[in-house]
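Let me begin by presenting the structure, written as C-alpha coordinates, before commenting on it.
Right, here's the structure in full:
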(Lines of atoms letter the chains of each structure in order from A and count residues from 1; the text may use other names and numbers.)
(Lines give C-alpha, C1' and ligand atoms only; values in the text may rest on other atoms or scores of the structure.)
Protein backbone atom coordinates (compact mmCIF):
# COMPACT_ATOMS: atom_id res chain seq x y z
CA UNK A 1 0.00 0.00 0.00
CA UNK A 2 1.50 3.31 -1.09
CA UNK A 3 1.83 6.06 1.52
CA UNK A 4 0.37 9.50 0.95
CA UNK A 5 3.79 11.04 0.28
CA UNK A 6 4.14 8.92 -2.88
CA UNK A 7 7.73 8.10 -1.98
CA UNK A 8 7.24 5.12 0.31
CA UNK A 9 4.82 2.26 0.86
CA UNK A 10 3.92 -0.40 3.38
CA UNK A 11 4.51 -4.10 2.82
CA UNK A 12 3.00 -6.80 5.05
CA UNK A 13 5.49 -9.60 5.74
CA UNK A 14 4.85 -12.96 7.40
CA UNK A 15 7.82 -14.54 9.19
CA UNK A 16 7.83 -18.13 10.44
CA UNK A 17 10.48 -19.62 12.73
CA UNK A 18 11.12 -23.33 13.24
CA UNK A 19 13.27 -25.34 15.60
CA UNK A 20 15.86 -27.98 14.72
CA UNK A 21 13.07 -30.54 14.26
CA UNK A 22 11.23 -28.41 11.73
CA UNK A 23 8.45 -27.60 14.22
CA UNK A 24 6.93 -24.14 14.00
CA UNK A 25 7.74 -22.15 17.13
CA UNK A 26 6.94 -18.61 15.97
CA UNK A 27 4.79 -16.99 13.31
CA UNK A 28 3.96 -13.33 12.95
CA UNK A 29 2.93 -10.66 10.46
CA UNK A 30 4.42 -7.18 10.53
CA UNK A 31 4.28 -4.20 8.23
CA UNK A 32 7.45 -2.64 6.91
CA UNK A 33 7.78 0.81 5.34
CA UNK A 34 10.04 0.79 2.26
CA UNK A 35 11.02 3.38 -0.33
CA UNK A 36 9.70 3.13 -3.88
CA UNK A 37 12.32 2.25 -6.47
CA UNK A 38 10.72 4.67 -8.90
CA UNK A 39 8.78 7.47 -7.25
CA UNK A 40 7.12 8.37 -10.55
CA UNK A 41 5.70 4.88 -11.05
CA UNK A 42 1.93 4.55 -10.49
CA UNK A 43 1.00 2.75 -7.32
CA UNK A 44 -0.47 -0.74 -7.61
CA UNK A 45 -3.91 -1.39 -6.14
CA UNK A 46 -3.64 -1.72 -2.34
CA UNK A 47 -3.63 -5.30 -1.10
CA UNK A 48 -4.22 -5.41 2.64
CA UNK A 49 -4.41 -8.83 4.35
CA UNK A 50 -7.37 -9.72 6.52
CA UNK A 51 -5.83 -10.35 9.94
CA UNK A 52 -7.48 -11.00 13.32
CA UNK A 53 -7.34 -8.19 15.87
CA UNK A 54 -5.76 -10.51 18.43
CA UNK A 55 -4.54 -14.05 18.93
CA UNK A 56 -7.34 -16.14 20.47
CA UNK A 57 -6.58 -17.15 24.05
CA UNK A 58 -7.22 -20.81 23.23
CA UNK A 59 -4.47 -20.64 20.60
CA UNK A 60 -1.77 -19.54 23.04
CA UNK A 61 1.02 -22.09 23.34
CA UNK A 62 1.72 -23.24 26.90
CA UNK A 63 4.50 -25.82 27.37
CA UNK A 64 3.05 -29.10 28.58
CA UNK A 65 6.01 -29.53 30.93
CA UNK A 66 5.32 -26.18 32.64
CA UNK A 67 4.08 -26.78 36.20
CA UNK A 68 3.45 -23.73 38.36
CA UNK A 69 1.79 -25.50 41.28
CA UNK A 70 4.84 -24.80 43.45
CA UNK A 71 5.54 -21.29 42.12
CA UNK A 72 7.45 -19.28 44.73
CA UNK A 73 5.99 -15.78 44.94
CA UNK A 74 8.59 -14.74 47.53
CA UNK A 75 11.44 -15.59 45.18
CA UNK A 76 9.59 -13.82 42.36
CA UNK A 77 9.18 -10.68 44.45
CA UNK A 78 5.43 -10.26 44.04
CA UNK A 79 2.27 -11.76 45.54
CA UNK A 80 0.02 -10.67 42.64
CA UNK A 81 -1.28 -13.55 40.51
CA UNK A 82 -3.75 -13.83 37.60
CA UNK A 83 -6.67 -13.79 40.04
CA UNK A 84 -5.65 -10.38 41.42
CA UNK A 85 -5.91 -8.38 38.18
CA UNK A 86 -9.14 -6.89 36.80
CA UNK A 87 -10.04 -5.97 33.23
CA UNK A 88 -9.74 -2.20 32.86
CA UNK A 89 -7.11 -1.89 35.58
CA UNK A 90 -4.23 0.48 34.80
CA UNK A 91 -0.76 0.06 36.27
CA UNK A 92 1.90 2.76 36.45
CA UNK A 93 5.26 0.99 36.36
CA UNK A 94 6.83 4.06 38.04
CA UNK A 95 10.50 3.53 37.21
CA UNK A 96 12.30 5.24 34.34
CA UNK A 97 15.35 4.28 32.31
CA UNK A 98 17.51 6.76 30.41
CA UNK A 99 18.68 5.69 26.96
CA UNK A 100 22.44 5.63 26.36
CA UNK A 101 24.20 5.39 22.98
CA UNK A 102 26.68 2.63 23.91
CA UNK A 103 24.14 0.41 25.68
CA UNK A 104 21.70 0.82 22.80
CA UNK A 105 24.29 -0.12 20.17
CA UNK A 106 25.39 -3.23 22.10
CA UNK A 107 21.79 -4.36 22.54
CA UNK A 108 20.91 -3.65 18.91
CA UNK A 109 23.84 -5.78 17.74
CA UNK A 110 22.53 -8.61 19.91
CA UNK A 111 19.16 -8.21 18.17
CA UNK A 112 21.14 -8.72 14.91
CA UNK A 113 20.05 -5.34 13.59
CA UNK A 114 22.82 -3.67 11.56
CA UNK A 115 20.94 -0.68 10.10
CA UNK A 116 23.30 2.29 9.93
CA UNK A 117 20.63 4.69 11.21
CA UNK A 118 21.29 3.17 14.66
CA UNK A 119 25.11 3.18 14.50
CA UNK A 120 26.67 5.65 12.06
CA UNK A 121 26.66 9.10 13.64
CA UNK A 122 28.74 10.61 10.83
CA UNK A 123 26.13 9.62 8.24
CA UNK A 124 23.16 10.53 10.41
CA UNK A 125 24.38 14.09 11.02
CA UNK A 126 23.12 14.86 7.54
CA UNK A 127 19.95 12.81 7.89
CA UNK A 128 16.40 13.51 8.97
CA UNK A 129 17.12 13.67 12.71
CA UNK A 130 20.77 14.74 12.72
CA UNK A 131 21.67 11.95 15.14
CA UNK A 132 21.36 8.21 15.66
CA UNK A 133 17.89 6.75 16.08
CA UNK A 134 17.20 4.31 18.92
CA UNK A 135 16.08 0.93 17.56
CA UNK A 136 12.40 0.28 18.25
CA UNK A 137 13.06 -3.25 19.48
CA UNK A 138 15.20 -1.76 22.23
CA UNK A 139 12.26 0.39 23.34
CA UNK A 140 10.00 -2.68 23.46
CA UNK A 141 12.60 -4.49 25.57
CA UNK A 142 12.96 -1.58 28.00
CA UNK A 143 9.19 -1.16 28.37
CA UNK A 144 8.76 -4.87 29.02
CA UNK A 145 11.55 -4.73 31.61
CA UNK A 146 10.03 -1.71 33.35
CA UNK A 147 6.68 -3.53 33.54
CA UNK A 148 8.20 -5.86 36.15
CA UNK A 149 7.15 -3.25 38.71
CA UNK A 150 3.45 -4.14 38.87
CA UNK A 151 3.51 -7.26 36.68
CA UNK A 152 6.42 -9.16 38.20
CA UNK A 153 4.76 -12.56 37.84
CA UNK A 154 3.79 -12.10 34.17
CA UNK A 155 6.76 -14.26 33.26
CA UNK A 156 6.17 -15.05 29.59
CA UNK A 157 4.95 -13.12 26.53
CA UNK A 158 2.80 -15.71 24.76
CA UNK A 159 1.70 -13.53 21.82
CA UNK A 160 1.97 -10.03 20.40
CA UNK A 161 -1.40 -8.95 19.03
CA UNK A 162 -0.21 -5.71 17.50
CA UNK A 163 1.60 -2.50 18.20
CA UNK A 164 3.08 0.75 16.95
CA UNK A 165 6.27 2.69 17.35
CA UNK A 166 4.41 5.95 17.80
CA UNK A 167 7.39 8.31 17.77
CA UNK A 168 11.19 8.15 17.58
CA UNK A 169 13.50 7.98 20.59
CA UNK A 170 17.09 9.15 21.03
CA UNK A 171 19.94 8.84 23.50
CA UNK A 172 19.25 11.05 26.50
CA UNK A 173 15.51 10.34 26.50
CA UNK A 174 14.16 8.67 29.65
CA UNK A 175 11.59 5.92 29.08
CA UNK A 176 8.65 5.29 31.42
CA UNK A 177 5.83 2.78 30.98
CA UNK A 178 2.31 1.84 32.03
CA UNK A 179 -0.06 -1.04 31.28
CA UNK A 180 -3.79 -1.60 31.00
CA UNK A 181 -5.43 -5.00 31.48
CA UNK A 182 -7.54 -5.42 28.33
CA UNK A 183 -8.69 -8.97 29.00
CA UNK A 184 -7.94 -12.05 31.07
CA UNK A 185 -8.45 -15.66 30.10
CA UNK A 186 -8.36 -19.06 31.71
CA UNK A 187 -6.46 -21.54 29.56
CA UNK A 188 -7.89 -24.90 28.46
CA UNK A 189 -6.80 -27.75 30.70
CA UNK A 190 -4.75 -25.52 33.02
CA UNK A 191 -5.58 -24.35 36.52
CA UNK A 192 -2.05 -23.25 37.44
CA UNK A 193 -1.56 -20.56 34.80
CA UNK A 194 -3.73 -17.98 33.05
CA UNK A 195 -3.29 -15.23 30.48
CA UNK A 196 -3.57 -11.45 30.74
CA UNK A 197 -4.06 -9.34 27.63
CA UNK A 198 -2.10 -6.17 28.27
CA UNK A 199 -1.72 -2.83 26.55
CA UNK A 200 1.85 -1.72 27.24
CA UNK A 201 2.56 1.96 26.60
CA UNK A 202 5.96 3.67 26.80
CA UNK A 203 6.54 7.41 27.05
CA UNK A 204 9.70 9.48 26.97
CA UNK A 205 10.57 12.15 29.55
CA UNK A 206 7.07 11.79 31.01
CA UNK A 207 6.37 9.71 34.16
CA UNK A 208 3.19 7.71 33.61
CA UNK A 209 1.10 8.36 36.71
CA UNK A 210 -1.44 10.07 34.42
CA UNK A 211 -1.39 7.14 31.92
CA UNK A 212 -0.56 9.19 28.79
CA UNK A 213 -2.04 7.87 25.54
CA UNK A 214 -3.88 10.57 23.56
CA UNK A 215 -4.34 14.32 23.79
CA UNK A 216 -7.59 16.26 23.93
CA UNK A 217 -8.07 15.92 20.16
CA UNK A 218 -7.70 12.14 20.20
CA UNK A 219 -4.23 12.28 18.66
CA UNK A 220 -1.22 10.47 20.09
CA UNK A 221 0.09 12.06 23.27
CA UNK A 222 3.35 13.87 22.37
CA UNK A 223 5.32 11.87 24.95
CA UNK A 224 4.17 8.40 23.81
CA UNK A 225 6.73 6.40 21.82
CA UNK A 226 5.31 2.86 21.97
CA UNK A 227 1.85 1.27 22.12
CA UNK A 228 1.82 -2.54 22.05
CA UNK A 229 -0.84 -5.21 22.75
CA UNK A 230 0.36 -8.54 24.19
CA UNK A 231 -0.81 -11.74 25.87
CA UNK A 232 1.29 -12.64 28.93
CA UNK A 233 1.19 -15.83 30.99
CA UNK A 234 0.96 -15.50 34.77
CA UNK A 235 0.46 -18.02 37.61
CA UNK A 236 -3.02 -18.64 39.04
CA UNK A 237 -3.87 -19.37 42.65
CA UNK A 238 -4.41 -23.10 43.06
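In my numbering, the protein residues as written are 10 to 247. C-beta: ideal position from N, C-alpha, C; glycine also.
In the displayed model, residue 168 falls within a strand according to three-state DSSP. The alpha helix (DSSP H) runs lying completely inside the region 83 to 128 and spanning 4 residues or more are 110 to 119, given in chain order. Taking a C-beta distance under 9 angstroms as the contact criterion, residue 215 and residue 224 do not qualify as a contact pair. Distances from the CA of residue 236 to each of 204, 23, 149, 99 were compared; the closest alpha carbon is that of 149. For residue 57, no beta strand (DSSP E) segment is defined, and its DSSP state is neither H nor E. The shortest C-alpha to C-alpha distance from residue 49 to any of 190, 97, 25, 17 is the one to 17.
For residue 132, the enclosing alpha helix (DSSP H) covers residues 130 to 133. Counting along the chain, the unbroken beta strand (DSSP E) around residue 243 starts and ends at 233 to 244. Check the Cα spacing between residue 83 and each of 162, 211, 129: the tightest is with 162.
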